[in-house]
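A.B. asks: The structure is given below, and queries will be raised subsequently.
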Amino acid sequence: MIKSPLGSRISRIDAADKVTGKTKFLTDMSVPGMVYAYPIYSSIPFGHITDINSAAAESLTGFIGFYTHKDIPGKNQVGVILPDQPLLVEKTVRFMGDVIGVVVADTHENARKAASLIDISYETLEPVFTIEDSKNSSGPLLHETNIACSHRVIKGDISKGFETSHHIIEASFTTPVQEHYYLEPQGCIVIPGEDQIYIIGSLQCPYYIQKAVAAITAYAMENIIVEQAPTGGAFGGKEDVPSEVCARTALAALMVKRPVKMVYDRKDDMQITSKRHPFQMHYKIGVSNSGEILAAEVRLEENAGAYATLSSVVSYRASIQGLGPYRIPNVKMESTSYYTNLPPNGAFRGFGSPQAAFGHERMMDIVANKLGMDPIEFRLINIIRSGDSTITGQELVTSVSAEETIVQARDAAYWTDIRSKSTPDSRYITGMGIAVTHYGNCLGAAGWHMDGSGASVRIREDGQIDVAFGLVEMGQGALTAVAQMTAEALGVDISRINVLPTRSDRLPDSGPSVASRNVVMTGRAIQDAVSKLTPPILKAASDMMDFPTGLLELKNDQIIDGQTGNSISFDDVLQYMFTHNIPTQSEGWWHVPPLKFDPQTGLGEAYFTYSYATHLAKVRVDTVTGLVFVDKIWAAHDVGKAINPAGIEGQVEGGIAQGIGWALTENFRYDQGKVITPGLTTYLLPTAGDIPEIKTIIIENPAPDGPWGAKGIGEPSIIPTAAAIANAVSHALGAPINDLPITPENVLNLIQRKAP
Ligand code: MOS
24 MIKSPLGSRI SRIDAADKVT GKTKFLTDMS VPGMVYAYPI YSSIPFGHIT DINSAAAESL
84 TGFIGFYTHK DIPGKNQVGV ILPDQPLLVE KTVRFMGDVI GVVVADTHEN ARKAASLIDI
144 SYETLEPVFT IEDSKNSSGP LLHETNIACS HRVIKGDISK GFETSHHIIE ASFTTPVQEH
204 YYLEPQGCIV IPGEDQIYII GSLQCPYYIQ KAVAAITAYA MENIIVEQAP TGGAFGGKED
264 VPSEVCARTA LAALMVKRPV KMVYDRKDDM QITSKRHPFQ MHYKIGVSNS GEILAAEVRL
324 EENAGAYATL SSVVSYRASI QGLGPYRIPN VKMESTSYYT NLPPNGAFRG FGSPQAAFGH
384 ERMMDIVANK LGMDPIEFRL INIIRSGDST ITGQELVTSV SAEETIVQAR DAAYWTDIRS
444 KSTPDSRYIT GMGIAVTHYG NCLGAAGWHM DGSGASVRIR EDGQIDVAFG LVEMGQGALT
504 AVAQMTAEAL GVDISRINVL PTRSDRLPDS GPSVASRNVV MTGRAIQDAV SKLTPPILKA
564 ASDMMDFPTG LLELKNDQII DGQTGNSISF DDVLQYMFTH NIPTQSEGWW HVPPLKFDPQ
624 TGLGEAYFTY SYATHLAKVR VDTVTGLVFV DKIWAAHDVG KAINPAGIEG QVEGGIAQGI
684 GWALTENFRY DQGKVITPGL TTYLLPTAGD IPEIKTIIIE NPAPDGPWGA KGIGEPSIIP
744 TAAAIANAVS HALGAPINDL PITPENVLNL IQRKAP
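Position one of the sequence shown corresponds to residue 24 (this note's numbering), numbered consecutively onward.
And the structure:
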């Protein structure tokens with residue numbers, strides 16, 4: 024028996040089923056009478072539809088139906104924050120991948136084939152693909168304006184700050200698209216009922232889907248039941264997109280009055296769905312001779328793609344975190360997202376944080392270099408410590424461990440030894456780089472209104488305990504963490520805990536499963552639920568044992584009297600409760616505490632707490648081929664409290680692998696809006712051979728608002744990686760890497776430019 028499940032390295036409770044192939048993913052599922060839908064999407068990036076001819080598709084064997092916006096019973100709108108996105112295009116297509124209609128056929132293959140036979144005629148418009156083109160476009164705008172959203176942080180007096188600076192240093196950076204490449208593509212099954220629609224899908228945010236499908240079908244929200252199927256990866260790519268997939272499938276199901284399944288093929292998934300926003304960034308930093316940052320002016324610009332979707336979440340977060348965990352008295356930060364004729368970009372692990380981290384951490388190295396300082400020494404002069412304020416003027420007093428992550432990573436990595444060792448004049452040059460980041464937990468001030476989540480705990484007569492939570496398991500280890508937290512909160516063995524699949528009717532709208540929310544939100548909700556469940560258990564024990572309730576405690580499956588040490592088993596108390604008809608079920612809820620924030624100035628409490636991280640990367644650059652090898656990464660993360668250290672290591676290793684891909688190999692390309700890297704032969708994900716030894720250092724500095732002090736780790740794990748690698752390659756080459764990905768071509772160009 025595991026005495027204290029919290030903090031233990033418990034194996035994932037879903038591991039055995041997943042590795043033995045027992046888990047049924049959405050793609051493995053079918054229901055009787057099911058038919059198949061497939062989307063028809065625009066083959067041009069910008070233009071007006073002039074004609075749709077479905078005759079050829081209709082004569083195909085197996086064809087069942089073809090549906091467009093005209094068939095939508097409700098509102099043709101699926102924008103998650105701004106109402107700028109039709110579910111099915113009415114007239115204007117805004118990217119190659121904009122969905123115009125759905126076909127239904129007897130098989131997936133026939134549905135695909137029928138979709139390819141729908142002939143669409145267009146009048147083309149001049150597309151824009153880059154931020155610069157979007158800004159300067161004199162042609163037709165994508166929407167009323169080409170600006171999707173903007174955010175700012177204005178603090179102090181920026182001109183005075185620069186005036187008093189001894190050095191003013193400027194640099195520009197760019198980061199590329201990143202495709203989630205979840206192993207399981209987008210998909211769902213919709214079963215239409217008399218007055219209910221049941222949806223099961225590969226998804227992150229059941230309540231978003233409930234809302235979207237209700238609006239499209241004109242059903243009441245409570246009549247849309249959304250269940251999450253075991254999900255083969257998401258990383259943000261199944262936040263907003265499944266609302267579209269499910270709503271299109273629901274429309275098809277209502278039309279044909281049968282269960283309908285829709286699964287995107289990989290190539291189409293990559294053309295239609297969201298990705299990580301490319302950023303272009305300009306930094307201007309003023310410092311004193313002694314290395315104190317006095318002023319910072321930053322312009323962040325994001326390529327939003329054709330619709331806003333989650334751009335404002337990305338743009339907001341980037342504006343708050345865009346100068347890292349440093350003390351800076353005078354700040355002007357502007358973050359703007361521009362519409363372009365590309366697939367709409369959305370959520371991807373970090374919501375703009377890895378991009379912003381690339382900007383501020385490259386900049387820190389550039390400034391340190393200019394001052395002739397060691398990058399760590401320079402960072403430690405400016406790092407946020409307890410009692411300091413962030414760039415938004417938020418005073419941080421608890422769980423502020425940025426400095427400790429630096430110090431622990433530095434000491435573990437023998438930073439000075441490796442960094443100062445000059446590489447002999449050989450084919451391979453070694454470099455060592457650092458990146459330090461913070462991550463505002465949960466949705467922050469901009470999303471505060473929806474930052475609440477629930478959990479319910481039901482003890483069954485056989486002593487097993489069912490837990491439902493409003494967020495999801497999408498590969499991150501949520502089921503295991505939820506089981507551990509429930510067992511700990513109750514004081515029972517973890518083998519009793521049975522975590523139920525997430526379904527929208529089990530709990531009130533718990534918000535999206537994003538922003539590294541699960542441990543924090545669900546953990547607090549479990550504590551709330553258990554705080555209502557423990558008193559009746561102790562009361563029953565007190566009645567049975569004739570002890571005063573105040574001295575009793577439920578621990579290790581026993582109700583123990585603290586004074587005499589006498590005990591009674593949890594199972595005996597349960598029997599008593601069931602025979603006396605005492606309820607053994609409760610529901611819990613937690614909402615993020617109020618945040619004072621002014622969106623006009625960007626000043627105030629942006630997030631209720633922050634996770635901190637430092638990554639150190641040791642790289643080897645091959646000067647002949649230009650290839651970069653990552654030899655080792657040291658990753659120090661302040662997680663508040665480790666619920667499951669093995670789970671945290673898993674998150675850190677996964678985040679770093681994804682960060683290495685974004686930094687080095689994943690070179691996502693479009694040609695005139697068409698994805699020309701639509702699979703793994705052209706879009707190079709890192710493999711096991713590309714992943715180095717990773718030393719994870721867990722720091723536990725409890726956050727008072729976190730459950731047992733815990734903070735989020737899912738996204739913090741990827742945020743510093745690419746910046747640390749770029750700093751390491753810059754160190755190796757003695758030349759700045761200011762653009763990602765770091766391709767062999769770019770490396771060789773830098774080497775040649777440096778050559779005498
Ligand atoms: Mo994720 S970017 O929090 O969906």
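All residues carry an ideal CB built from backbone N, CA and C; glycine is no exception. Predicted, not measured: the structure shown is a model, and the values here were computed from it.
Contact check, His300 vs Ser195 under 8 Å by CB: the rounded distance?
C.D. replies: About 17 Å separates the two Cβ atoms, so there is no contact after all.
A.B. asks: For ligand 1, list every residue whose C-beta falls under 5 Å from any of its heavy atoms, going in chain order.
C.D. replies: Qualifying residues, in the order they occur: Gly259, Glu262, Ala370, Phe374, Val537, Ala538.
A.B. asks: In or out: Ile765 buried (at least 16 other Cβ within 10 Å) or exposed?
C.D. replies: Label assigned to Ile765: buried.
A.B. asks: Express the C-alpha separation of Ala636 and Val542 in angstroms, rounding to a whole number.
C.D. replies: Roughly 18 Å separates the two Cα atoms.
A.B. asks: Specify, as a first and last residue, the run of the alpha helix (DSSP H) that Leu773 falls within.
C.D. replies: It spans 767–777 - the alpha helix (DSSP H) in which Leu773 sits, taken as one unbroken run.
A.B. asks: The beta strand (DSSP E) with Gly477 in it runs from where to where?
C.D. replies: Per DSSP, Gly477 belongs to the beta strand (DSSP E) from 475–482.
A.B. asks: Tell whether a beta-carbon distance below 8 Å holds between Val323 and Ala379.
C.D. replies: Strictly speaking, residue 323 in this sequence is Leu, with Val absent from that position. Yes, the Cβ-Cβ distance between Leu323 and Ala379 is below 8 Å.
A.B. asks: Nearest CA to the CA of Arg350: which residue from Asn405, Tyr706, Ala331, Pro715?
C.D. replies: Measuring from the Cα of Arg350, the nearest candidate turns out to be Asn405.
A.B. asks: Can you find the residues in the same chain that come closer than 7 Å, C-beta to C-beta, to Met24, ignoring five residues on each side of it along the sequence?
C.D. replies: Residue confidence is low: Met24 scores 49 on pLDDT, short of 50, so the model does not pin down where it sits. Its coordinate-derived value is still stated next. So the qualifying residues of the chain are Asp516.
A.B. asks: In the DSSP assignment, the beta strand (DSSP E) including Ile520 goes from what residue to what residue?
C.D. replies: Run containing Ile520: 520–522, per the beta strand (DSSP E) assignment.
A.B. asks: Put Gln251 into one of helix, strand or coil per three-state DSSP.
C.D. replies: The answer is strand: DSSP assigns Gln251 an E or B state.
A.B. asks: Near Ile141, which residues of its chain fall below 6 Å by C-beta distance, leaving aside the five closest residues on each side in sequence?
C.D. replies: Excluding sequence neighbours, Ile141 sits near Ile63, Ser77, Ala80.
A.B. asks: Around the Cβ of Leu763, are there at least 16 other Cβ atoms within 10 angstroms (buried) or fewer (exposed)?
C.D. replies: Leu763 should be labelled buried.
A.B. asks: Inspect the CB distances between the stretch 502–514 and the stretch 685–701 and report whether three or more fall short of 8 Å.
C.D. replies: With a cut-off of 8 Å, the stretch 685–701 and the stretch 502–514 do not count as touching, because too few Cβ pairs lie within range.
A.B. asks: Taking the alpha carbon of Ser82 as the point to measure from, which residue in Asn133, Ile220, Ser182, Pro616 has its own alpha carbon closest?
C.D. replies: Per the Cα distances, Asn133.
A.B. asks: What is the residue span of the alpha helix (DSSP H) that Thr587 lies within?
C.D. replies: Premise fails: Thr587 is in no alpha helix (DSSP H) and is neither H nor E.
A.B. asks: Counting along the chain, where does the beta strand (DSSP E) carrying Arg175 start and finish?
C.D. replies: Element bounds for Arg175: 170–178.
A.B. asks: Is His174 buried or exposed, if buried means 16 or more other CB atoms sit within 10 Å of its CB?
C.D. replies: With 16 or more other Cβ atoms within 10 Å, it is buried.
A.B. asks: What's the C-alpha gap between Val236 and Gln219?
C.D. replies: Spanning the two alpha carbons is a distance of roughly 11 Å.
A.B. asks: Give me whichever residues DSSP pairs with Ile192 in a beta bridge.
C.D. replies: Partner(s): Ile308.
A.B. asks: For the beta strand (DSSP E) holding Phe89, just list the boundary residues, first then last.
C.D. replies: Taken as a continuous stretch (DSSP letters only), the beta strand (DSSP E) holding Phe89 covers 86–91.
A.B. asks: To the nearest angstrom, report how far apart Tyr630 and Thr624 are at their CA atoms.
C.D. replies: Approximately 15 Å between the Cα atoms of the pair.
A.B. asks: Ordered along the chain, which non-local residues of its own chain (more than five positions away) have a Cβ less than 8 Å from that of Arg776?
C.D. replies: Only Ala758 meet the Cβ criterion.
A.B. asks: Taking only runs of the beta strand (DSSP E) that begin and end inside the stretch 265–292, which ones reach a length of at least 3 residues, in chain order?
C.D. replies: With a minimum length of 3 residues, the continuous beta strand (DSSP E) runs that stay inside the stretch 265–292 are 283–286.
A.B. asks: Let me know the secondary structure DSSP gives Thr719 once reduced to three states.
C.D. replies: Reduced to three states, the DSSP call for Thr719 is strand.
A.B. asks: Kindly identify the DSSP beta-bridge partner or partners of Lys641.
C.D. replies: Partner(s): Met455, Lys655.
A.B. asks: In angstroms, rounded to a whole number, what distance separates the CA positions of Ser527 and Thr710?
C.D. replies: If you take the alpha carbons of Ser527 and Thr710, they lie about 36 Å apart.
A.B. asks: How big is the Cα-Cα spacing for Pro352 and Ser335?
C.D. replies: Rounded to the nearest angstrom, the two C-alpha atoms are 25 Å apart.
A.B. asks: Are the CB atoms of Ile192 and Lys355 within a distance shorter than 8 Å?
C.D. replies: Cβ distance not < 8 Å, so Lys355 and Ile192 don't count as in contact.
A.B. asks: What does the alpha-carbon distance come out to for the pair Ser358 and Leu530?
C.D. replies: The straight-line gap from Cα to Cα measures roughly 36 Å.
A.B. asks: Can you check DSSP and say which residues form a bridge with Phe302?
C.D. replies: The partner list for Phe302 (beta bridge, DSSP) reads Thr198, Glu325.
A.B. asks: Which residues does DSSP pair with Trp613 in a beta bridge?
C.D. replies: Answer is Ser476.
A.B. asks: For Ser34, does the three-state DSSP call read helix, strand or coil?
C.D. replies: Note: Ser34 maps to coil in three-state DSSP.
A.B. asks: Leaving out the 5 sequence neighbours to the left and right, which residues in its chain are closer than 6 Å to Ala138 when beta-carbon positions are compared?
C.D. replies: Here the set comprises Tyr61, Ile63, Val126.
A.B. asks: If distances are taken between C-alpha atoms only, which option among Pro739, Gly347, Ile429, Ser297 comes closest to Thr332?
C.D. replies: Checked all of Pro739, Gly347, Ile429, Ser297; the closest Cα to Thr332 is Ser297.
A.B. asks: With a floor of 4 residues, list each alpha helix (DSSP H) that falls wholly inside the stretch 208–259, ordered by position along the chain.
C.D. replies: 229–240, all fully within the stretch 208–259.
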